[in-house]
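Visitor: Have a look at the structure that comes next, please.
2 protein chains.
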Amino acid sequence: MGDFSQLAINQFTTLHQWSLPEAVEGYARNGAHAMGIVRDKLHEVGVVEARRLLRTHEMQVTCLCVGGLLTDSDPHRFRANLADSRRAIDEAGELGAECLVFVAGGLPEGSRDLPAARARCLEGLAELLPYAKSAGVTLALEPLHPMICAFRSCLSTLGQANDWIEALGAGPELGIVIDVYHVWWDPDLEREIARAAGRVASFHICDWLMETTDLRLDRGMMGDGVIDIRRIRRLVEATGYDGYREVEIFSARNWWKRDPDEVVAIAKARYLSDVV
Amino acid sequence: MGDFSQLAINQFTTLHQWSLPEAVEGYARNGAHAMGIVRDKLHEVGVVEARRLLRTHEMQVTCLCVGGLLTDSDPHRFRANLADSRRAIDEAGELGAECLVFVAGGLPEGSRDLPAARARCLEGLAELLPYAKSAGVTLALEPLHPMICAFRSCLSTLGQANDWIEALGAGPELGIVIDVYHVWWDPDLEREIARAAGRVASFHICDWLMETTDLRLDRGMMGDGVIDIRRIRRLVEATGYDGYREVEIFSARNWWKRDPDEVVAIAKARYLSDVV
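From first to last, the protein sequence lines are chains A and B.
Last residue of the first sequence? That's 276 in our numbering, and every number before it is there in order.
Last residue of the second sequence? That's 552 in our numbering, and every number before it is there in order.
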C-alpha cells in the first residue's frame, strides 16, 4: 500500500477541477490527509466553513498560498499588498497552517530597476514579520525560478532567500519553501539547502518537462521530467526536515484538464516510484 | 550620427534571413563592422571564402558560435563532440575570431544526473584547453539561463562559470561571455561580474520580454523589455572590458520574420537609446 503519511497535495494541482470543499473531500477520499490551500478558493467558502471541512475530513493544512507581492513602487499599492498579506497571515493562523507562502513579486509595471524591487520587497517583509510573529505564523519565503523573475518573483534563488533571512535575523516566523521545480538547476543547490537547515517550512514536488511550453503553467508530474527528486528530497531531509512532501503542479495543458481523482491517484503512485 | 565603433551584430539576429555572405555585406552596408558568426552558416561557404568576404568588407569577427556540448554520457558521442570542438577552435583561429563561444550542453537523453553532467563537461573542457591555447583561441564560457538547463546548458550562472575558471586555473585561453539575457535576474550579478574581471571575452545584448512565449527563441530587441542593459554594460565595463557590445536576438515570432536591413537599423537606433 505504501506509506502516505508525509504526502500532501497542494490545491493548485487540481485548480481548475475542484473547489475547496471538493478538494478537501477528494484528497481525503484518496488517502491524502494534508493539503496546501489557495486563497482564492478559500475566500469562496470563508475561513469558518473551511475549518469545519478540514476538521470533518481530518485534513491538515501545510501552507496557505500566497502572501507577499511587495515590489510595487506605487506607495498605495505597496500598502494595499502589505494589508492583504496581513489578512493572509490571519487566515493562515485561523486555519492552523504550517506556513504562509511568501512570493516576492516581480518588477513593477514600467520598471527595469530589479535591485530597487528587491530592496522594497525586503523592507516590506521586515514590516510584516512582527505581525506574523504575534500571530504565530511562519512566513515561508519561496524563491521562484529565474524565468518568472520579471512578472512574479524577484526572489530567484535559495541563496538569496538565505541571504534575506540572515539580513532580517528573524526567529521561527521566517522560513523557506523549497520547491524542486524552482531550484533543481542551481549549481549551489547542495550548499544552499544545507544553509537553510532549521528554516525549511515546506517542501514541494513536481517535475521539469524536457519540452516545457510555458514559463509558468507547464509543470510535469513526478517521474515525467528530468528532476532527480529523490536526491533533492534527501538533501532537504538531511537538514532535519521531516515534514510533508507536497505535490504542486501547475499544468494548463494536461493535469488541469484531467479527472482530479485520477490526478491524485497518479500523484500517489509517482510519490512511491519517484519521490520516497 | 552616433558612435558605432563598439557595435557588433551576431549572425543569430538575422538567422532566417541572411546567409553568411549576405550578413557580412549587409551588416557592413549598415555600418556595423564586427560580427559573431554561426558555424552552420560558415560551413555553407567554407572558411577560405569567409575570410575573403570578411576582408573585403573590413569586418571583424567577435565570436564563433558554438563549441562545447560536452555532457554526453555516451563515450562515443562525447569524443565526437570534443573532436567537433577542436574543429571549431581551428575555425575560430582561421577567422581571427576573438573567441569561440563554449556552450556546456544539457542533460543527456534519459538522464537526471545534473551533477554528473556538469562534472563531465568540466572534464571535457579541461581536455580542450591545451588545444585552444596552442591555437591561440579563447574558449569563452557562456552561462545560459537556468530555464534551458535541461536541454542546452548545465552551465547556468556567472558564479558557476567563475568557479569553473578557478578550478581550471587556465590562462587567456579561457574567458567568459556575458549575455544580459542569461544573467540579468541573478541576485549575485554585481559580485560575479566583478569576479570575472580580466576574463570577459564577449558581451551580448538583447532584452527580456515581459510576455515571453518560448524558452529559447523569444528574445526582445533592446528597449522592448525589462533588462536595465545600460546598468549591466557599466558593470561589465567597470571590469576593464572595452570590447564590442554585440546584438544577439533569437526571435522566431518577430525579428527573424522582418526585413534584415530594418532589423539592423532598429538595432542601431536602440543601441544609442538603450545601451550606450
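Heads up, the beta-carbon is just placed ideally off N, CA and C, and yes, glycines get one too.
The model shown is predicted, which means the values in this text are computed figures rather than measured ones.
Which of helix, strand or coil does DSSP assign to B/TRP414?
Guide: Inspection of the sequence shows that residue 414 of chain B is occupied by Thr rather than by Trp. Note: B/THR414 maps to coil in three-state DSSP.
Visitor: Determine the extent of the alpha helix (DSSP H) in which A/SER85 is found, giving its start and end residues.
Guide: Run containing A/SER85: 75–95, per the alpha helix (DSSP H) assignment.
Visitor: Once you ignore the five residues that flank B/ASN438 on each side, which residues in its own chain have a CB closer than 7 angstroms to its CB?
Guide: The answer, listed in chain order, is GLU468, ARG471 and ALA472.
Visitor: So is B/LEU345 in contact with chain A if we call contact Cβ pairs under 9 angstroms?
Guide: No, its Cβ sits nowhere closer than 9 angstroms to a Cβ of chain A.
Visitor: Do A/ALA8 and A/GLN60 count as a contact pair if the criterion is CB distance below 9 angstroms?
Guide: Yes, the Cβ-Cβ distance between A/GLN60 and A/ALA8 is below 9 angstroms.
Visitor: Can you name, in chain order, every residue of its own chain whose Cβ lies under 7 angstroms from the Cβ of B/GLU320, other than the five neighbours on each side?
Guide: Same-chain partners within the cutoff: SER295 and LEU296.
Visitor: Kindly list the residues whose CB is nearer than 6 angstroms to the CB of B/ALA308, restricted to its own chain and excluding five residues on each side of it in sequence; keep chain order.
Guide: For B/ALA308, where only same-chain residues beyond five positions count, the Cβ hits under 6 angstroms are LEU283 and ILE285.
Visitor: Identify the continuous beta strand (DSSP E) that holds A/THR71 and give its terminal residues.
Guide: That residue, A/THR71, is in no beta strand (DSSP E); it is neither H nor E in DSSP.
Visitor: May I ask which residues mark the beginning and end of the beta strand (DSSP E) holding B/ARG521?
Guide: From DSSP, the beta strand (DSSP E) with B/ARG521 extends over 521–523.
Visitor: Tell me, to the nearest whole angstrom, how far the beta carbon of A/LEU64 is from that of A/LEU95; I am working on the premise that it is less than 8 angstroms.
Guide: Indeed, because the Cβ distance is near 6 angstroms, the residues count as touching under 8 angstroms.
Visitor: Taking the Cβ atom as the reference point for each residue, do A/ILE205 and A/VAL247 lie within a distance shorter than 9 angstroms?
Guide: Closer than 9 angstroms, so yes.
Visitor: So is B/THR347 buried or exposed if we call it buried at 16+ other beta carbons inside 10 Å?
Guide: Result: buried.
Visitor: By DSSP's criteria, A/VAL102 is part of a beta bridge. Which residues make up the other side?
Guide: A small correction: the amino acid at residue 102 of chain A is Phe; Val does not occupy that position in the sequence shown. Bridge partners of A/PHE102: A/GLY67 and A/LEU141.
Visitor: Determine the chain B residues that contact A/HIS145 at a beta-carbon separation under 9 angstroms, and present them in chain order.
Guide: What A/HIS145 touches in chain B: PRO422 and MET423.
Visitor: Within 10 angstroms of the Cβ of B/GLY302, are there 16 or more other Cβ atoms? Answer buried if so, exposed if not.
Guide: Under this definition B/GLY302 is a buried residue.
Visitor: Got a sec, what are the start and stop residues for the beta strand (DSSP E) A/VAL226 sits in?
Guide: Unbroken run through A/VAL226: none, as it is neither H nor E.
Visitor: Closer than 8 angstroms by C-beta to A/GLY105: which residues in its own chain qualify, once you throw out the five before and the five after it? Chain order, please.
Guide: Only GLY68, LEU69, LEU70, THR71, ASP72, ASN81, ALA117, CYS121, ARG152, SER153 and CYS154 meet the Cβ criterion.
Visitor: If we count the other Cβ atoms within 10 Å of its Cβ and call it buried at 16 or more, is B/GLY496 buried or exposed?
Guide: The residue is buried, with at least 16 neighbouring Cβ atoms inside 10 Å.
Visitor: Does the distance from the C-beta atom of B/ASP483 to that of B/ASP550 stay below 9 angstroms?
Guide: In contact: B/ASP483 and B/ASP550 (Cβ atoms closer than 9 angstroms).
Visitor: Tell me, please, whether the stretch 167–174 of chain A touches the stretch 133–149 of chain A by the rule of three or more beta-carbon pairs shorter than 8 angstroms.
Guide: Taking 8 angstroms as the limit for Cβ pairs, the verdict is that the stretch 133–149 of chain A does touch the stretch 167–174 of chain A.
Visitor: Any beta carbon from chain A within less than 9 angstroms of B/ALA400's own beta carbon?
Guide: For the sequence presented, residue 400 of chain B should be read as Gly rather than Ala. So no, B/GLY400 is outside the interface.
Visitor: From B/THR488 to B/ARG506, what distance separates their C-alpha atoms?
Guide: In a straight line, the C-alpha of B/THR488 is about 21 angstroms away from that of B/ARG506.
Visitor: Within the continuous alpha helix (DSSP H) that includes B/ILE542, where are the two ends?
Guide: It spans 536–550 - the alpha helix (DSSP H) in which B/ILE542 sits, taken as one unbroken run.
Visitor: Thinking just about the alpha-carbon of each residue, which of B/LEU511, B/THR414 and B/HIS458 is nearest to the one in B/ILE493?
Guide: Per the sequence shown, residue 493 of chain B should be read as Leu rather than Ile. When only C-alpha atoms are compared, the closest one is B/HIS458.
Visitor: A/ARG86: which of A/GLU190, A/ALA28, A/LEU114 and A/GLY124 sits nearest, CA to CA?
Guide: Residue A/GLY124 is the option with its Cα nearest to A/ARG86.
Visitor: Starting from the Cα of B/GLY516, find the closest Cα among B/PHE479, B/ALA395 and B/TRP461 and give me that residue.
Guide: Closest option to B/GLY516, Cα to Cα, is B/PHE479.
Visitor: Closer than 8 angstroms, Cβ to Cβ, to anything on chain A: give me those residues from the stretch 378–397 of chain B, in chain order.
Guide: Listed by position, the residues of the stretch 378–397 of chain B near chain A (Cβ gap below 8 angstroms) are LEU383, SER387, ARG388, ASP389, LEU390 and ARG394.
Visitor: According to DSSP, simplified to helix, strand and coil, what is A/GLY46?
Guide: In this structure, A/GLY46 counts as coil in the three-state DSSP scheme.
Visitor: For chain A, check one thing: does any of its Cβ atoms lie closer than 9 angstroms to the Cβ of B/MET486?
Guide: Output row for B/MET486: interface = yes.
Visitor: Which residue from A/GLU91, A/HIS145 and A/LEU107 puts its Cα closest to that of A/LEU100?
Guide: Checking every option, the nearest Cα to that of A/LEU100 belongs to A/GLU91.
Visitor: Whose Cβ in chain B lies nearer than 7 angstroms to the Cβ of A/THR157?
Guide: Within 7 angstroms Cβ-Cβ: PRO463.
Visitor: Can you tell me whether DSSP reads B/HIS333 as helix, strand or coil?
Guide: Three-state result, B/HIS333: coil.
Visitor: Put A/PHE151 into one of helix, strand or coil per three-state DSSP.
Guide: Coil at A/PHE151, not helix or strand.
Visitor: Got a sec: is the Cβ-Cβ distance from A/ILE178 to anything in chain B below 9 angstroms?
Guide: No, A/ILE178 does not count as interfacial toward chain B.
Visitor: From the DSSP output, which residues share a beta bridge with A/MET210?
Guide: Note: A/MET210 sits in no beta bridge, so no partner.
Visitor: Please give me, in chain order, every unbroken run of the alpha helix (DSSP H) with length at least 4 that falls completely inside the stretch 291–318 of chain B.
Guide: As far as the stretch 291–318 of chain B is concerned, its whole alpha helix (DSSP H) runs of at least 4 residues are 296–305.
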